[in-house]
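Below: one structure, written as structure tokens.
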Amino acid sequence: MQNRPEFIARVLLTLIVVGLPSLVLGFQFVIRPRLDGPRTIDISASSPENGGFQPANITVNAGETVTLRFASNDVTHGIAIGPGLGIDLGHVDPGHIKEVTLSFADPGTYTFYCNTWCSLDHWRMRGVVEVRDPANPSAIPARQVDTVIEALAAEGVDIDAPHGESLPMNNMDAMPVLIESPSAQRGRQIAPTLDIPPELLEESWRRSHTPLQGVVLLLTRNPQTSTSSLADAVAYLWTINNSAQTRAGAELFYAKNCAACHGQTGDGDGIVSTLTAESPVAFSDSKYLFGRRGDVLYAKIRRGGMGTDMPNFGTLITPEETWALVDYLWTLGIEIEERTTE
6 MQNRPEFIAR
16 VLLTLIVVGL
26 PSLVLGFQFV
36 IRPRLDGPRT
46 IDISASSPEN
56 GGFQPANITV
66 NAGETVTLRF
76 ASNDVTHGIA
86 IGPGLGIDLG
96 HVDPGHIKEV
106 TLSFADPGTY
116 TFYCNTWCSL
126 DHWRMRGVVE
136 VRDPANPSAI
146 PARQVDTVIE
156 ALAAEGVDID
166 APHGESLPMN
176 NMDAMPVLIE
186 SPSAQRGRQI
196 APTLDIPPEL
206 LEESWRRSHT
216 PLQGVVLLLT
226 RNPQTSTSSL
236 ADAVAYLWTI
246 NNSAQTRAGA
256 ELFYAKNCAA
266 CHGQTGDGDG
276 IVSTLTAESP
286 VAFSDSKYLF
296 GRRGDVLYAK
306 IRRGGMGTDM
316 PNFGTLITPE
326 ETWALVDYLW
336 TLGIEIEERT
346 TE
């Protein structure tokens with residue numbers, strides 16, 4: 006029979022060889038994550054001329070939970086993250102911190118940005134979150150093709166043409182002239198009495214044509230109806246899918262990101278409207294708005310306007326959110342009801 010000291014020594018050796026690795030693994034993968042919690046990334050915000058966001062580029066793994074902590078160093082900044090995340094932390098005052106804990110399901114690129122006017126270079130206040138596939142960290146995300154912008158390019162439409170020149174009509178003199186601001190409310194009553202071409206009932210046609218073209222098309226079927234009444238009908242058709250809920254979200258985004266230039270009510274008189282390379286358009290001008298295509302407005306929003314100081318918003322909002330913003334722009338130059346759809 007083994008002596009007692011030798012037996013104890015063997016037991017201790019077994020515990021060390023088998024038990025110690027188990028304890029280490031248990032601490033590493035079970036206890037430590039619970040003690041540490043999500044990885045925290047501190048991001049400081051300063052006006053662009055003072056460095057902007059630092060760091061301006063961070064990398065996380067898909068599925069990883071992280072906490073992003075934003076601190077303002079100089080002036081009040083508004084912090085939001087997109088596209089499609091619906092994250093808006095609101096104002097972060099100097100010396101204060103706001104944070105959000107989140108995870109990104111899929112690899113891709115996201116943007117954190119300031120949505121409160123903080124300086125003349127406000128639009129440079131952006132940072133990037135690169136979400137990588139942990140199984141293939143060196144993979145480069147595939148380029149996302151925007152079919153709307155591609156279609157405009159194929160059609161030969163210049164989205165940077167001077168206001169009104171992108172209208173694809175051979176005879177501009179034949180276009181009707183609007184006498185008063187079109188009313189979707191009046192149009193809702195008029196539309197059922199008209200012979201409406203099927204194209205006007207298709208959202209894809211309305212998005213790729215101007216409201217004025219809709220008036221011309223209606224006129225071919227309803228020659229005895231006044232132009233103003235037809236314009237009212239078109240105003241109704243162009244806002245028919247504009248629900249109050251969708252409009253509210255787009256209105257909030259417009260107020261935080263567009264109104265500084267284009268004005269709170271779309272009059273082109275925002276607080277920095279006199280400082281831009283080109284005067285911001287007034288969406289409240291129905292004559293201007295009725296000559297614009299929805300897909301051109303969409304493209305301008307997503308890609309930005311060359312030489313106009315308008316930045317791109319395609320990295321901040323999804324295509325669906327962009328269309329919601331376009332739909333909201335129509336309401337700035339059109340009188341609408343509280344709700345245009347049931």
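In the working numbering, each number is its position in the sequence shown, counted from 1, plus 5.
C-beta atoms are modelled at their ideal positions from N, C-alpha and C, and glycine is treated no differently.
For clarity, every value in this text was computed on a predicted model and none was experimentally measured.
- Here the region 181 to 195 lies against the region 231 to 243, with 3 or more beta-carbon pairs under 8 Å apart.
- The beta-carbon separation of Asp98 and Glu54, rounded to 19 Å, does not stay under the 8 Å limit for a contact.
- By the C-beta density criterion, Pro285 is buried, having at least 16 other C-beta atoms within 10 angstroms.
- Counted as a single uninterrupted DSSP element, the beta strand (DSSP E) harbouring Arg137 occupies residues 131 to 137.
- The residue from Pro216, Thr106, Ala329, Glu208 with its alpha-carbon nearest to that of Leu73 is Thr106.
- For the pair Gly87 and Ile322, the CB atoms are nearer than the 7 Å cut-off.
- In the structure shown, Gly219 adopts helical secondary structure according to DSSP, grouped into three states.
- Listed in chain order, the non-local C-beta contacts of Asp138 below 7 Å within the same chain comprise Ala67, Pro112, Ala144, local neighbours out to five positions each way being set aside.
- When C-beta atoms of the region 257 to 266 are compared with those of the region 318 to 333, three or more pairs fall below 8 Å, so the two segments count as touching.
- Residue state for Gly310 is assigned as strand, using DSSP reduced to three classes.
- Closest by C-alpha distance to Arg252, out of Glu283, Leu337, Leu235, is Leu337.
- A Cβ-Cβ distance of about 18 Å is found for the pair Pro202 and Phe295, leaving them out of contact under the 8 Å criterion.
- The beta carbon of Ala76 sits closer than 6 Å to the beta carbons of Ser49, Ile102 from its chain, once the five residues preceding and following it are set aside; these are given in chain order.
- Taking every protein chain shown into account, the CB of Ser209 has fewer than 16 other CB atoms within 10 angstroms, so this residue is exposed.
- With respect to Ala265, Gly275 sits close: the two C-beta atoms are nearer than 7 Å.
- Of the residues Asp93, Thr152, Asn62, Val80, the one whose Cα lies closest to the Cα of Gly100 is Val80.
- The beta carbon of Ile92 sits closer than 8 Å to those of Ala85, Ile86, Val105, Leu107, all from its chain and outside the five residues before and after it, given in chain order.
- If you look at Val80, you'll find it isn't in any beta strand (DSSP E); DSSP assigns it neither H nor E.
- It is roughly 13 Å from the alpha-carbon of Gln149 to the alpha-carbon of Arg308.
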